[in-house]
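Each remark here refers to the structure printed beneath this line.
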Amino acid sequence: MNSKTRTRVLTGITTTGTPHLGNYVGAIRPTVQASRDLGTDGFYFLADYHALIKCDEPSRIQRSTLEIAASWIASGLDPEKVTFYRQSDIPEIPELTWLLTCVTGKGVLNRAHAYKASVDKNHDAGKDTDADVTAGLFMYPVLMGADILMFKAHKVPVGRDQIQHIEMARDMASSFNHLYGEHFVLPEAVVEESVALLPGLDGRKMSKSYDNTIPLFAPAAQMRKQIAGIVTDSKAPGEPKATEGSALFQIYQAFASTDETAAMARAYADGIGWGDAKQMLFERIDQEIAPMREQYQALINNPAQMDQLLLAGADKARQLATPFMRELRQAVGLRPLSSMAMAASKTDTKAAQPSFKQYREKDGRFYFKFVDAKGQVLLKSLGFDSPKEAGQTIAELQALGAQGLSDLSHTLEPISSEIRAQIVENLRIL
Ligand code: TRP
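With the numbering used here as the guide, the letters of the sequence shown map in order to residues 8 to 437.
Structure follows, in structure tokens:
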């Protein structure tokens with residue numbers, strides 16, 4: 008397969024904390040597995056510009072970047088086979104962010120979940136709508152759009168809470184393409200249904216913000232101690248226990264095979280004591296993690312080597328980003344002034360034919376217009392549910408001519424009789 012047809016998979020992790028088992032099961036492990044798929048090209052990065060939105064402790068961001076990078080590598084990500092980099096090593100990303108900012112509706116960003124959550128919280132507290140909201144938080148989806156669109160990613164593995172951001176990136180891409188030509192690939196979110204949302208020590212979703220996490224690479228003794236702290240009910244050894252709603256069981260399941268999980272379910276029914284169940288859980292996790300722990304420590308102890316590795320990744324990434332950014336600057340008109348005459352003559356030849364143009368509007372629907380050789384719009388469609396429907400209607404119009412204009416009038420904006428003659432004429436030239 009050549010690079011044009013290979014699927015590009017891209018994802019990032021925000022560098023604000025120490026990776027925990029939830030990050031491992033939900034993000035790190037599945038992306039490492041996906042990166043081994045030979046039919047895809049992987050782009051994996053440390054979203055440290057995003058970290059600035061949530062965290063104003065410089066040393067924490069620095070530390071987290073090292074820890075997440077080391078976790079990814081220790082978990083088996085092969086930087087030779089994928090492009091592995093730090094977002095802030097790619098100056099083209101903030102540059103693209105600005106171009107996308109200029110094609111993104113402010114109203115669209117008003118509806119982003121993360122921003123809306125802050126606004127709702129402020130309302131509930133009787134505060135000003137945007138109290139404590141930075142413009143960074145507001146712009147979060149645009150920066151993320153730049154991450155994705157820069158590398159023409161087809162698939163973006165993310166958690167459910169991020170789906171909206173991928174949809175926004177698609178909209179930015181189609182607005183830009185509509186205005187400036189086909190430059191961007193429209194990305195798709197991939198949400199692994201089978202990937203468990205891991206519960207934390209208290210049974211709620213494992214998350215830094217609940218302070219209920221088990222660090223991925225804590226020393227074995229510490230991990231055992233933390234596992235002992237997972238909440239259970241107060242049933243005594245010998246009493247049958249329910250697997251349903253048991254955080255301990257769910258965490259076990261995320262690491263165990265189907266057979267092992269079935270055996271644990273039987274042990275529950277047979278009344279295994281919580282102490283024994285916790286020991287089994289610790290052993291099962293440690294069996295997977297222990298072999299990686301040593302490499303993780305070695306990487307943490309050698310940050311200069313990690314710097315090097317990430318800079319090499321950034322070099323690789325920029326081999327795509329730098330020329331692409333040049334292309335995009337050219338497309339929007341940030342170009343050498345001396346290219347003016349050339350460009351003008353180019354558009355002239357390009358416009359020498361009437362043509363149909365398909366596009367997508369802010370309402371999410373698909374449209375087309377028909378323009379004459381001078382670029383004057385003769386005909387506009389109403390919205391279609393899919394690009395395919397729009398395409399079919401274009402094909403029918405081309406095939407049927409004047410008759411098509413009447414038959415398909417319910418899909419078109421009203422046409423005056425004068426323009427109608429021009430359309431028919433231009434359809435004939437096509
Ligand atoms: N917003 C993502 C998160 O918090 C991290 C992220 C930043 C990302 N840029 C991205 C994920 C691009 C996928 C693609 O989980």
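Backbone N, C-alpha and C fix where the C-beta goes; we use that ideal spot for every residue, glycine too. Keep in mind the model is a prediction, meaning the values are calculated, not measured.
Close-in-space but distant-in-sequence residues of the same chain around residue i (CB under 6 Å, 5 per side omitted)
{"i": "Pro222", "result": "Thr25 and His27"}
{"i": "Ile307", "result": "Ala77"}
{"i": "Gly49", "result": "Val16, Ser42 and Val89"}
{"i": "Thr356", "result": "Caution applies to Thr356, whose pLDDT of 49 falls short of 50 and renders its modelled position unreliable; the value that the coordinates give is listed next. There are no such residues."}
{"i": "Tyr31", "result": "Leu223"}
{"i": "Val443", "result": "Outside the displayed span of the chain (8 to 437) sits residue 443, for which this structure offers no information."}
{"i": "Gly143", "result": "Ile60"}
{"i": "Thr250", "result": "Phe256, Ala272 and Tyr275"}
Residue i: CB within 7 Å of a non-hydrogen atom of the ligand TRP
{"i": "His120", "result": "no"}
{"i": "Gln442", "result": "There is simply no residue 442 to check, as the chain begins at 8 and stops at 437 in what is shown."}
{"i": "Tyr144", "result": "Going by the sequence as given, residue 144 is Leu instead of Tyr. No; taking the cut-off as 7 Å, the Cβ of Leu144 has no heavy atom of the ligand TRP nearer than that."}
{"i": "His161", "result": "no"}
{"i": "Asp178", "result": "no"}
{"i": "Met151", "result": "yes"}
{"i": "His27", "result": "no"}
{"i": "Asp96", "result": "no"}
{"i": "Gly19", "result": "yes"}
{"i": "Ile155", "result": "yes"}
{"i": "Gly278", "result": "no"}
{"i": "Ala428", "result": "no"}
{"i": "Gly398", "result": "no"}
{"i": "His57", "result": "yes"}
{"i": "Val16", "result": "no"}
{"i": "Lys192", "result": "According to the sequence shown, residue 192 is Val rather than Lys. No - the ligand TRP has no heavy atom lying nearer than 7 Å to the Cβ of Val192."}
{"i": "Val39", "result": "no"}
{"i": "Gly166", "result": "yes"}
Outcome for residue i when other beta-carbon atoms lying within 10 angstroms are tallied against a minimum of 16
{"i": "Asn433", "result": "buried"}
{"i": "Pro298", "result": "exposed"}
{"i": "Met287", "result": "buried"}
{"i": "Gln360", "result": "exposed"}
{"i": "Glu189", "result": "exposed"}
{"i": "Trp281", "result": "buried"}
{"i": "Tyr217", "result": "exposed"}
{"i": "Ser10", "result": "Confidence is the limiting factor: at Ser10 the pLDDT is only 49, short of 50, which leaves the residue's position unreliable, though a coordinate-based value still follows. It is exposed - the Cβ of Ser10 has fewer than 16 other Cβ atoms within 10 Å."}
{"i": "His172", "result": "buried"}
{"i": "Gly46", "result": "exposed"}
{"i": "Gln94", "result": "buried"}
{"i": "Gly456", "result": "Any property of residue 456 remains undetermined from this structure, which presents the chain solely from 8 to 437."}
Cα-Cα separation, residue i to residue j
{"i": "Asp139", "j": "Ser125", "result": "8 Å"}
{"i": "Glu420", "j": "Leu193", "result": "27 Å"}
{"i": "Val339", "j": "Asp154", "result": "19 Å"}
{"i": "Ile436", "j": "Gln405", "result": "10 Å"}
{"i": "Ser424", "j": "Ala397", "result": "23 Å"}
{"i": "Gly252", "j": "Gln315", "result": "45 Å"}
{"i": "Phe158", "j": "Asp209", "result": "39 Å"}
{"i": "Phe363", "j": "Gly114", "result": "29 Å"}
{"i": "Ile422", "j": "Asp379", "result": "15 Å"}
{"i": "Ala328", "j": "Asp414", "result": "47 Å"}
{"i": "Ala176", "j": "Glu195", "result": "9 Å"}
{"i": "Glu267", "j": "Leu103", "result": "48 Å"}
{"i": "Trp79", "j": "Gln399", "result": "46 Å"}
Neighbourhood of residue i by C-beta distance below 8 Å, restricted to the same chain and skipping five residues each side
{"i": "Val198", "result": "Pro164, Val165, Gly166, Arg167 and Ile170"}
{"i": "Glu368", "result": "Tyr374 and Gly390"}
{"i": "Ala81", "result": "Phe224, Met299, Arg300, Gln302, Tyr303 and Leu306"}
{"i": "Val384", "result": "Lys376, Phe377 and Val378"}
7 Å Cβ shell around residue i - same chain, five flanking residues per side excluded
{"i": "Val110", "result": "Met179, Ser182, Phe183 and Leu186"}
{"i": "Ala409", "result": "Val431"}
{"i": "Gly411", "result": "Glu403 and Leu404"}
{"i": "Thr22", "result": "Leu53, Ala54, Asp55, Ala58, Ile68, Ser71, Thr72 and Ile75"}
{"i": "Phe289", "result": "Met230, Arg231 and Ile234"}
{"i": "Thr14", "result": "Gly46, Thr47, His161 and Lys162"}
{"i": "Ala358", "result": "Only weak support exists for where Ala358 lies, its pLDDT of 48 falling under 50; the value from the coordinates is given anyway. So the qualifying residues of the chain are Ala380, Lys381 and Gly382."}
Which listed residue (the options) has its alpha carbon closest to that of residue i
{"i": "Gln302", "options": "Lys232, Glu64, Ser95 and Pro226", "result": "Pro226"}
{"i": "Arg70", "options": "Asp414, Ala311 and Lys232", "result": "Ala311"}
{"i": "Gln229", "options": "Arg300, Ala270 and Gly252", "result": "Arg300"}
{"i": "Tyr259", "options": "Ile60, Ala176, Gly382 and Asp293", "result": "Asp293"}
{"i": "Thr418", "options": "His172, Glu200 and Lys387", "result": "Lys387"}
{"i": "Leu318", "options": "Asp63, Asp131, Arg118 and Glu87", "result": "Glu87"}
{"i": "Ile296", "options": "Ala243, Arg36 and Arg13", "result": "Arg36"}
{"i": "Gly320", "options": "Lys128, Asp96, Gly33 and Phe191", "result": "Asp96"}
{"i": "Gly245", "options": "Asp127, Gly236 and Ala284", "result": "Ala284"}
{"i": "Met146", "options": "Thr136, Arg118 and Lys134", "result": "Arg118"}
{"i": "Ser241", "options": "Ile279, Asp44 and Gly33", "result": "Ile279"}
{"i": "Met472", "options": "Asp131, Ile237 and Ala270", "result": "Residue 472 lies beyond the stretch modelled for the chain, which goes from 8 to 437, so this question has no answer here."}
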